[in-house]
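Written out below as structure tokens is the structure these notes cover.
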Amino acid sequence: MSPTLRRIALVLLLALGAPAAWAQDLAAPLQALVGDDLAAKGEAMEALARTGDPRAAAALQALGDGRLFQRKSDRKVVIAATTRGGALTDAATGAAAGSATAADLDEANLNNRLRRQLSGLLGSLTLTLGDAATRIAAAESIFKTRDAAALAPLTAAIAAEKDARVRRAMETARAAVVLVTDGAEAERIAAAATVGARGDRDALGLLLQAANASPPAVAAAAREAAATIQRRLVMLDAAQNVSYGISLGAVLLLAAVGLAITFGVMGVINMAHGEMVMLGAYTTFVIQDWCRTAAPQLLDHSLFLAIPLAFLFTAAVGVLLERSVIRWLYGRPLETLLATWGLSLVIQQAVRSVFGPTNREVSNPTWMSGQVDVYGLTLTWSRLWIIVFAAIVFVVLLFVLKRTAFGLQMRAVTQNRAMASSMGIRTHRVDALTFALGSGVAGIAGVALSQIDNVSPNLGQSYIIDSFMVVVFGGVGNLWGTLAGALTLGIANKLLEPMAGAVLGKIAILVFIILFIQRRPRGLFALRGRAVEA
Amino acid sequence: MNMKTASAFAGAALAAAAMIGPAVAQDTIKVGILHSLSGTMAISETTLKDVMLMLIEEQNKKGGLLGKKLEAVVVDPASNWPLFAEKARELISQQKVAAVFGCWTSVSRKSVLPVFEELNSLLFYPVQYEGEESSRNVFYTGAAPNQQAIPAVDYLASEEKVVRWVLAGTDYVYPRTTNKILEAYLKSKGVKPEDIMINYTPFGHSDWQSIVAEIKKFGSAGKKTAVVSTINGDANVPFYKELGNQGIKATDIPVVAFSVGEEELAGIDTKPLLGHLAAWNYFMSVKDPVNDAFIKQWQAFIKNPKRVTNDPMEAHYIGFTMWTQAVLQAGTTDVNAVRQAMYGQKAKNLTGGISVMGVNHHISKPVLIGEIKGDGQFNTVWKTKDLVPGAAWSPYIPESAKLTADWTYPWVCGGCEKPKYN
Amino acid sequence: MPVETSAVLYLDGVDVSFDGFRALNGLSLVVEPGEMRAIIGPNGAGKTTMMDVVTGRTRPDSGTVLFAGVHDLSRLDEAAIAELGIGRKFQRPTVFEMHTVWDNLLLALKQRRSVFRCLTARTTAAERARLDEILGVTRLGDLRGLPAGILSHGQKQWLEIGMLLAQDPALLLVDEPVAGMTDSETEQTAMLLRDINRTRSVVVVEHDMSFVRALGVRVTVLHEGSVIAEGSLDAVSANERVVEVYLGR
Amino acid sequence: MVTRRLLVGWTGIAFLAVVVALAVLVPALNLGLPPSSRFHVPTHIVVLLGKWLCYALLAISLDLVWGYCGILSLGHGAFFALGGYAMGMYLMRQIGTRGVYGNPLLPDFMVFLNWKELPWYWYGFDQFWFAALMVMLVPGALAFLFGWFAFRSRVTGVYLSIITQALTYALLLAFFRNDMGFGGNNGLTDFREILGWGVREPGTRAALFVATCVALAGGFVAARAMVVSRLGLVLVAVRDAESRTRFLGWRVDRFKVFVFTASAVMAGIAGALYVPQVGIINPSEFAPTNSIEAVIWVAVGGRGTLVGAALGAVLVNGFKTWLTGAFPEVWLFALGALFVAVTLFLPKGILGTLGGRRRRPVPPTPTPAESRAAAE
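Given below as structure tokens:
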């Protein structure tokens, strides 16, 4: 494969210099791209790359992105605006070709081998084409494939490159190729340093590879560079684990904060809390489903629609439960446990009947996909947004409870019902609204959890125990306690996990909670005073 | 009051038992369906119940069996293992079913096994499992480890040049056994112990950040790395979501899964998972006229043109076909006669081959390896030339290597070192 | 902190604070054997907290709390303190509502309170006699078989006093014993307390000045967790500071 | 004399009569009559009843701590399961060389997970007496330890309930681990013999059923003896006014530890009888939902009545058995609705409501007048 590629690269270089003088018929190789024969597909990819035609480059790019389709109606090969369809371009002519949704299109498939081949082809092809981001991506893909054939175009591209960031990426990529290619030792040793400067796991992998299979001098340089990265990574690891812990803490906080209201403030041992979370997740599913068919352009922003609707829906369910069942049980917390347990069974089975028992698909919007590197820390966007979202929910809730008239009434009712009633507060209304608030918050937690977990009737069950642990650990009736509890348990869990494994880590956390409650029988943030003990 | 109490208790104890009134009608042949319709396993098992209802309906349209209509008896063991045993007993001794199609998890099978052996009835078990078992009363229509795990590893080693392996699984017997077999197999192929990482997580594990990061770390040692996943159903969605989010692409570190099929993928946005693999004996995307007809029939039956089919459904399809043929051949639903007729029974599978029931109660199946496509389907990238017979006992586990499962004369045994002759 | 004291109850420099709120502030109090002491003070003066400290419900942050000169109450829990011979009657009558009057008294009766003795315990003739006696004193004899939950408020107060007697304590702490009682009941209660005082020391916390006057004992006035005056009721009534505290500034 | 209490009471006598009748009639009708007879009790009914009666014993043990002492344990299933595991270990060792790998010492799951030798905590379980001791000792010791910590620290109310749940959840996770040496998710199964008799023989089943009846009756009498003794007075006092009880000089923590431990032992025995009849013990018995369900049986039957708890266990499980067979698709609706309905309309449970005329040690809901008095 290497000699071929080298030839292609050469051709490409030539082709890139001159305008596409030879207008070739792209139709045949394009048809092969959407066919079933994998071997033919590989050849067609190379043939297209050989043409150096910008249209071919566009088609290959689209193939890599999953935007290359065959229209079912007329078998025409088209490039769509997104992976789900949208505006179409005729791949052969570059002309606009209307628009379509995924249902009318057959996607061009790839397997891993072809995908790798394609990224190599694209890397060389787009090194000098496209904007800075594309060029960096091209350099990145060469860094990954480390194809010796890419060396020449890369060197040429570096010479022509003006953007410093792009050039750095290209130089690193070039160093990567040099490092693993037989050549002058000095050059390879320098390359090891360049790769080492990149400092991440990919660089480490490459260096270790070089350290295993190189002349001793090069290997030593690679090992040294690798050791530097490793030292850095050890420190990063701890920070990384803390960041995972915060993210898990945010999830726990979201799941538990609604319970902190229904259980913590109202004293209802709400076993149906998890089902409220689940209903919120299903609301997200319904809205995305609706978006997919009715308003595909909204799909990426459907979460913004889902959050208020999930809140309203689960709050409404909460009011329904409160008015029909729970209001008869105030002051009998243990009986609320039984009744809400029954309710949770009913809700679960109802969802199972309506939506079926299987997982439903809730997709991540593009702005929640992927990851971001912050000083070597890898943070995924979905987790980051969930942390932000949890923080917002918490602050808003705190505001509602502490600063609004409703919050005041709520606290008045929970502290002294008779007194509140005699002061003209409509306690029943406040009860219903409080429960609605707790349920609604659970619902929006469901929206967030739908992004990282199964949307199935069992969703709620997997969070209910953890939620209770968080609320109790933090101290019942105290939102700050819930926050502290969620973060403590999240971080502790993630710090223990690499040491003890997921299961033992979790057991250790549970034992810790049991022991902690012995020390502080009313949780982390308990009020010490006469009233509490009575 | 005292009398009330006494009668209440007596009533509860005796009458409640009698509530499950004895079955009488004998003009039908009853088929038991023992799949969880509620609880954690409902997510996977409900579909199998529906498939069985469809197959039975279909058979009845063809005139039933032995001149009688088939009658499906559905119960809900509710993902509760002792309840599985109770319901199995109820199906066999009260409903007098001719055979039972059911179970998903190993533990549910283990829980009903003594009941089936005691009451001598037949269970058709449709899920890939850890092997190391061959009961006279169970027909295993799912894959044994040699029909799934080993071919998948071979494929990765030869096609993707993988030399470093992560064996990640849920902590229960199927992943444990599979990984044990794979570890022995990989070592026999010269893989060094430090190139194998084994990781177990609890059921329903939902926070995969650390483990995916660890896999990433393990994969950045400069050698081509792959993940062999025996992660169980529910935990897969968050696992794959985390993989996608942390940017692990199939071109870097491919993941081959044994428990992820079309049903599981239907709950995920598969775009970030392009190219990750699964090894099964059936893919919905296989182009075959029998399969096309099956899919059409299924989607019509379930009244949802988007519903997918998967491997355990095919296993039930094959198992049910074989059972009906065996009943016809034996001319009776008598368990012993049907069992004898089952051996060597052939049935068309949905991927264009003909599966055969072995004397060890396992069937022969093709092994398919597929890459995940953007639409939640699999793209078959590799397939065994012939069907692979299922092996009850793995040669890679020393204790089981010496055991033979053969329920015909002279062996007559599910796991013996010497024939038993009776 | 060895302290030589003949006092049955000795508090010195006791501080208690709850989340920054100082409930007791250097409180010192001495009750001699056989004495009856009335403690008065406005709401929040620390009367109940003082009782909590003595009976082991609340641990003091600092200070000395001694019983009979030898037992450091700040180190003992409620049960141990009760076993030493300090009985407490709550402001709100707390009896075991589901138990009969008899069983309430039986539970209070001085006895070996170990788990295994309770499993096999039978009511002895002596115990029965003692309970009958208390039933007589508290005039609950006819109600012995009724669940305590259905007693009237005053009857519950008496039952609780009866339970105190059954405990046979050396020191009684009585918190507002006549709240909610009729005048005649109040009078009877005063008589009963004086009667009890013959053999035991008593500390009474009370709002009702006429009742305190009826008791005719030494009075301690608490305010913001400290003692501001001590002496006969007339003397403390004349105290400027007390007047100021009661009437507000 | 006012404090005179009957050891069992009329309800209890009725209950014991039923249990004795079951112990005699069920095996007799099962073994003595041919299957064709109208009065024949089929084996699966024997097994089913045996299972329910084990649950009934668990319910009684739970009622003892919850109904009489106010300790709502959401982790009682853990003691039940531990007793079950102790029995399961004995049954595993009895398999001997009849396992699939024929290892005389190691159970099958250990063989194929490459265990080379029996872990120390499996020693002794080949002896029935040892296993029987462990059935009581292990749950008892755990309860004692847990109670000693929790009750001394005065963990009460929902805090206690939640940490009992944490306890059973931690055990669930621990027993799921294959490395623990308890068979992981599959648990212990494939039993052959108990005391030399085949566990699948009708005679053994009948004997196990009788043993269950005896244990249930014994457990009931023991629990009853506790609640009518002076200890029972203290327990109810603790339930209704814990701190008042302390001010009388009772060491509340010791009483709680005692009753919690006794109850755990009883639950362990129930679990031990359950395992050979059901044929499997695995970690799902530790699931918090199981413990919550047990609480629901007690609530349905009537807490603080003992007999009611047993009745609730049998009724709810009977209901469940019937529904999962008759209405497999919708039975959860019915079960859920039952729980809601019982809490709303029968807050004292079935027996508590039936026996409403008599004094029950269940705190009455305060009347408005009382609440007002309390608020003042």
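Residue numbers (the working numbering), protein chains in the order written: chain A, 1 to 534; chain B, 1001 to 1422; chain C, 2001 to 2249; chain D, 3001 to 3376.
Ideal placement from N, C-alpha and C gives every residue a C-beta, glycine not left out.
In this text the structure is predicted, and so the values were computed from the model without any measurement.
The beta carbon of C/Ser2232 lies closer than 8 Å to those of Arg2218, Val2219 in the same chain, with the five residues before and after it left out.
Residue state for C/Gly2145 is assigned as coil, using DSSP reduced to three classes. Annotation note: the stretch 3004 to 3038 of chain D contains the following uninterrupted alpha helix (DSSP H) runs of length 4 or greater, listed N- to C-terminal: 3009 to 3031. Interface criterion not met: the Cβ of B/Ala1149 is under 8 Å from no Cβ in chain D. Annotation: D/Gly3012 to B/Gly1063 spans about 58 Å, alpha carbon to alpha carbon. Among the residues of chain D, those whose CB is under 9 Å from the CB of A/Pro521 are Ala3150, Ser3153, Arg3154, Val3155, Thr3156, Tyr3159, Leu3160, following chain order. Taking C-beta atoms under 8 Å as the contact rule, A/Gln518 and D/Val3155 qualify, at a distance of about 7 Å.
The distance from the Cβ of B/Glu1071 to that of B/Thr1028 is about 4 Å, consistent with a contact at the 8 Å cut-off. The alpha-carbon separation between A/Ala102 and B/Thr1177 amounts to approximately 41 Å.
Proximity of chain A to B/Lys1303 at the Cβ level (cut-off 7 Å) is not reached, the minimal Cβ distance being about 11 Å. No residue range can be given for D/Trp3115, since it is assigned to no beta strand (DSSP E) and is classified by DSSP as neither H nor E. Straight through space, the alpha carbons of A/Val166 and B/Asp1154 are spaced by roughly 40 Å. A/Ile287 and A/Leu309 do touch by the CB rule: their CB atoms are close to 6 Å apart, below 8 Å. A/Lys162 counts as exposed, since fewer than 16 other C-beta atoms from the protein chains shown sit within 10 angstroms of its C-beta.
B/Phe1124 is bridged by DSSP to B/Phe1101, B/Phe1139.
Put simply, the backbone Cα of D/Pro3042 is about 35 Å away from that of D/Phe3176. Within its own chain, the residues whose Cβ lies closer than 7 Å to the Cβ of D/Leu3033, once the five positions on either side in sequence are excluded, are Phe3039, His3040, listed in chain order. Chain order gives the chain D residues near B/Ile1397 as Phe3112, where near means a beta carbon separation below 8 Å. Considered as a whole, the stretch 3282 to 3318 of chain D harbours 3288 to 3301 as its complete alpha helix (DSSP H) runs of no fewer than 4 residues, in chain order. The beta carbon of D/Ile3350 sits closer than 6 Å to those of Gly3301, Gly3302, all from its chain and outside the five residues before and after it, given in chain order. In the DSSP annotation of this structure, the continuous segment of the alpha helix (DSSP H) that includes D/Thr3353 starts and ends at 3349 to 3354.
Contact of D/Leu3233 with chain C is assigned, a C-beta pair being separated by under 8 Å. For B/Lys1348, the CB contacts under 6 Å within the same chain, skipping 5 residues up- and downstream, are Val1290, Ile1354 in chain order. Within chain A, the C-beta atoms nearer than 8 Å to that of B/Pro1238 come from Ile452, Asp453, Asn454, in chain order. Ranked by how close their Cα comes to the Cα of D/Pro3139, the residues D/Leu3091, D/Gly3083, D/Leu3323, D/Pro3107 have D/Gly3083 in first place. Nearest in C-alpha terms to A/Trp480, of all of A/Phe355, A/Ala442, A/Val265, is A/Val265.
In the three-state reduction of the DSSP assignment, B/Ile1268 falls in the coil class, being assigned neither a helical nor a strand state. Not one beta carbon of chain A lies nearer than 8 Å to the beta carbon of B/Ile1253. Taking the CA atoms as reference points, D/Asp3240 sits about 27 Å from C/Gly2046. A distance below 6 Å between beta-carbons, with the five flanking residues on each side excluded, links C/Gly2145 to the following residues of its chain, in chain order: Thr2100.
For the stretch 1360 to 1373 of chain B, the set of residues with a beta-carbon nearer than 9 Å to any beta-carbon of chain A comprises Glu1371, Lys1373, in chain order.
Annotation: A/His301 to A/Ile307 spans about 11 Å, alpha carbon to alpha carbon. With its beta carbon less than 8 Å from one in chain A, D/Phe3339 belongs to the interface. A direct Cα-to-Cα measurement between C/Gly2041 and C/Asn2239 gives close to 13 Å. Not flagged as an interface residue toward chain B: A/Asp37, since no C-beta distance is shorter than 8 Å.
By the beta-carbon neighbour count (other beta carbons within 10 angstroms, threshold 16), A/Phe435 is buried.
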